[in-house]
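Residue numbers (the numbering used here): 2 to 959.
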């Protein structure tokens with residue numbers, strides 16, 4: 002008998018095999034010595050398998066050698082039943098649930114009944130091909146076949162929409178015709194390899210191969226080419242992109258990737274053990290991450306470049322049951338008999354979250370560590386149809402026969418509806434007020450038009466590679482985008498400004514030039530960490546990173562160094578500013594931020610925040626350096642329902658104006674979808690009203706009006722003297738992208754008041770109402786790049802009225818954050834804001850008359866930021882702490898109202914977002930926003946959003 006007893010791979014690793022006297026394989030021994038064993042019954046069938054760690058699987062058979070029972074490595078039995086034809090008719094799982102099967106005379110499976118008794122039926126043709134599938138809701142999908150190769154020629158979905166397929170004489174798929182008639186095609190060479198693909202818009206991509214049939218070139222419809230190089234065994238060894246930059250790959254003799262070299266020559270390497278398990282990765286900076294495995298190949302430890310270890314434990318079936326972090330905290334997972342996680346317990350804090358499933362394995366309830374239960378129900382096709390929050394409020398979801406979401410009804414019974422075309426692309430979205438947005442698409446699925454509820458239609462234009470190149474608006478204006486050969490955006494512009502970008506060989510931006518504000522340049526290290534940013538005035542920030550690529554220091558343009566330290570979980574524990582101010586952070590045993598402490602070089606405490614939390618991590622108290630404690634109470638949806646403030650605090654309503662007492666408490670009541678219905682303090686109660694689209698229509702004495710697109714267009718004060726009888730107190734205008742572009746505030750002319758500030762008596766001469774106008778302009782990325790503010794009598798911005806001056810501010814961005822702002826006032830002052838690790842670090846102020854740019858700023862112009870646990874600005878300290886430059890302290894109410902602080906020169910505050918002192922708004926720039934099921938939906942534009950200071954949309958104090 003010729004039996005393989007040993008095999009040595011190309012790396013020199015030996016695998017051995019053992020047999021019994023009957024020739025049955027009894028053991029496989031790997032190069033690491035791990036042994037996998039087989040035990041046989043008297044009939045020569047495998048009765049048990051024992052893995053490298055000693056866990057055993059066992060089998061029972063019927064007389065026809067069918068497995069009738071399987072006992073897994075944890076001793077759990079799955080039972081199998083067969084009919085007289087040895088077809089599986091029933092599977093009973095360890096939890097007692099079962100799935101049943103039925104067959105036709107040809108032994109085709111015609112019926113599957115799942116664990117909940119839901120049936121899926123299949124009918125077959127004479128060739129035993131499935132031709133009709135009926136799902137548990139009775140929806141039917143039909144399939145036809147072409148006669149020559151018996152391949153699928155059409156599918157008709159449950160809504161009667163048919164997609165057809167055609168084939169060439171060799172059985173290769175050549176055309177796909179969609180239900181709307183759009184066609185895509187594929188052509189092949191003599192070897193049956195696809196050589197061209199033409200999309201539904203007629204744009205063709207070409208594919209070329211080497212003599213061995215490996216892909217060698219891909220040519221885009223615009224003639225740009227990607228080149229692929231392979232070795233003699235077909236492994237990819239190099240990719241050269243459309244701009245000529247090459248990334249190369251190397252392998253060991255077992256085909257495992259051992260080295261990647263990027264276009265700049267930086268090398269990343271991988272190391273493997275004898276079983277080809279990756280045991281180490283060394284990045285381009287030489288930093289090493291290691292992996293340790295058990296005998297079965299599961300990762301036991303991951304060790305980072307500093308030696309910090311994350312450990313993992315598995316059950317006999319290789320499911321993760323424990324994860325321990327480098328600081329010895331972690332989580333334990335308990336699983337049910339079908340290996341679904343039913344309980345998560347953190348340690349050492351012992352916070353427990355429990356999960357409940359139905360027999361089909363769908364999660365139907367979650368009980369968090371505070372005992373609050375949220376739940377979901379499903380239809381027969383496992384689509385969520387209801388979601389119930391912790392207070393019992395229900396959101397429902399409806400679908401069509403092919404699974405498209407057609408309606409969402411919120412807990413206030415207000416419904417948003419959706420329709421779709423024959424290719425399941427959304428055609429319309431109609432809000433509860435009946436206001437609809439509609440969409441059209443080209444044949445390839447690109448969005449062509451978007452008609453807004455007010456009737457305005459926006460058009461979109463694409464190039465041959467389906468990249469958006471132009472957005473056209475009803476007034477004839479447009480936003481444009483251009484790309485390089487590799488598909489990276491190199492230019493964008495609109496009527497306000499334009500921006501160009503250049504990239505290095507690795508596709509990282511190395512310069513970004515704004516039409517008005519100049520160029521920012523960037524450099525990077527070997528692994529892509531940004532190492533410097535140079536602004537248009539020559540100011541340079543330099544960044545240094547540690548072995549884990551965490552920011553360890555940043556040097557500002559004056560040479561001041563901010564340094565950072567971290568714990569084993571990569572959390573910041575100490576930040577030291579150039580002026581010696583230090584912020585330390587501490588964490589509890591559940592890895593929650595427990596304390597933030599900021600001190601000056603003399604050890605004087607500038608800010609101190611001690612935090613406590615409830616079982617699910619909601620912040621319950623915040624105690625400050627003076628001992629004053631703020632406490633928070635939540636409902637079962639974790640909305641703040643009460644805030645108790647320390648005694649003796651005051652609130653500064655505008656950041657620079659009138660001081661008024663902070664209430665002793667705030668209490669809030671919400672409706673079922675989370676709209677705030679009332680705010681009660683120790684002195685006042687304010688009520689709020691909303692329309693069916695969840696837009697606030699009244700808040701206290703203020704009345705709000707909206708346009709058809711959902712944008713707030715007016716605020717009127719119903720309880721106070723109206724400044725102008727023909728105009729609302731505040732009006733808002735928006736562009737076609739629903740970005741705020743103009744605010745007009747009606748104000749009494751100063752001469753319309755007496756010397757004591759009272760309104761003039763009736764009948765006395767009055768001057769026209771003075772308007773204060775704020776205008777915004779945006780770039781093609783939706784970022785606010787200009788702000789114009791000033792007085793007006795006629796809606797047009799004036800130069801100066803009664804010492805109120807016009808001001809224009811331009812903004813230069815580094816990504817989504819402002820790097821420079823330049824004001825036409827204050828002697829053309831420029832403010833430069835520097836960030837590191839996502840946080841503000843410093844602000845430099847200088848004027849044109851100073852005769853220097855940010856590259857030569859004297860340190861007397863520097864202010865440094867420190868933050869609280871929420872990321873809000875807590876203190877602003879000057880380079881020198883003297884009688885002229887005392888630290889500025891910032892404090893806020895629960896929802897961002899300013900309690901203390903000076904925003905004359907610093908525009909950043911709550912959550913480090915910009916504060917516009919002209920109108921009291923917080924400016925939030927969104928990269929994107931994804932609605933979640935069950936949450937209130939507002940028409941929030943992708944660019945800049947102005948939100949009232951008393952913002953209740955975000956539970957950010959959590």
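Note that beta-carbon positions come from the ideal geometry of N, C-alpha and C, so glycine has one too.
Here the region 544-557 makes no contact with the region 311-320; the two share fewer than three CB pairs at distances below 8 Å.
About 7 Å separates the beta carbons of residue 220 and residue 206, which is inside the 8 Å limit, making them a contact pair.
By the Cβ criterion, the region 426-438 is not in contact with the region 172-182, since fewer than three pairs of Cβ atoms, one from each stretch, lie closer than 8 Å. When C-alpha distances from residue 915 are compared across 208, 874 and 895, the shortest belongs to 874. If you ignore the 5 residues before and after residue 493, its C-beta comes within less than 6 Å of the C-beta of 482, 500 and 781, all in its own chain and listed in chain order. Contact annotation: residue 808 and residue 793 have beta-carbon atoms that are not nearer than 8 Å. In the DSSP assignment, residue 897 falls outside any beta strand (DSSP E), carrying neither H nor E. Bridge partners of residue 50 according to DSSP: 39 and 58. Taking the C-beta atoms as reference points, residue 201 is found nearer than 8 Å to residue 445. In the three-state DSSP reduction, residue 230 falls in the strand class (E or B). Setting aside the 5 residues that flank it on each side, residue 614 is surrounded in the same chain by 593, 620 and 621, each with a C-beta closer than 7 Å to its C-beta; the list follows chain order.
With distances taken between CA atoms, residue 848 lies nearest to 538 out of 626, 538 and 775. Contact check between the region 294-304 and the region 50-59: three or more CB pairs, one atom from each, fall below 8 Å, which counts as touching.
Judged by DSSP in its simplified three-state form, residue 294 adopts strand. Burial is judged here by how many other beta carbons sit within 10 angstroms of a residue's own beta carbon; residue 475 has fewer than 16 and is exposed. Rounded to the nearest whole angstrom, the CA to CA distance from residue 607 to residue 598 is 8 Å. Remark: C-beta atoms of residue 820 and residue 411 do not approach each other more closely than 8 Å. With a threshold of 16 other beta carbon atoms within 10 Å, residue 580 meets it and is buried.
With a cutoff of 8 Å on beta-carbon distance, residue 743 and residue 776 are scored as near each other. The Cβ atoms of residue 817 and residue 784 sit closer than 8 Å to each other. With distances taken between CA atoms, residue 390 lies nearest to 372 out of 372, 251 and 813. With respect to the C-alpha of residue 159, the residue from 631, 400, 823 and 527 having the closest C-alpha is 400. Distance from the CA atom of residue 618 to the CA atom of residue 96, rounded to whole angstroms, is 34 Å.
For secondary structure counted as the alpha helix (DSSP H) over 4 or more consecutive residues, the region 266-353 holds no complete run.
With fewer than 16 other Cβ atoms inside 10 Å of its own Cβ, residue 4 counts as exposed. Taking C-beta atoms as the reference points, residue 362 and residue 339 count as a pair closer than 8 Å. Per DSSP, residue 2 lies in no beta strand (DSSP E) and is assigned neither H nor E. Nearest to residue 690 by alpha-carbon distance, out of 815, 672 and 275, is 672.
For the 8 Å CB-CB criterion, residue 563 and residue 833 do not form a contact.
When 16, 871, 703 and 546 are compared, the shortest CA-CA separation from residue 306 is found for 546. Beta bridge pairing from DSSP links residue 808 with 790. DSSP places residue 904 outside any beta strand (DSSP E), giving it a letter other than H or E.
DSSP places residue 105 in no beta strand (DSSP E); its state is neither H nor E. Assignment of residue 444 by DSSP, reduced to helix, strand and coil, places it in the coil class. By the 16-neighbour rule on beta-carbons within 10 angstroms, residue 602 is exposed.
Here the alpha carbon of residue 146 sits roughly 4 Å from the alpha carbon of residue 153.
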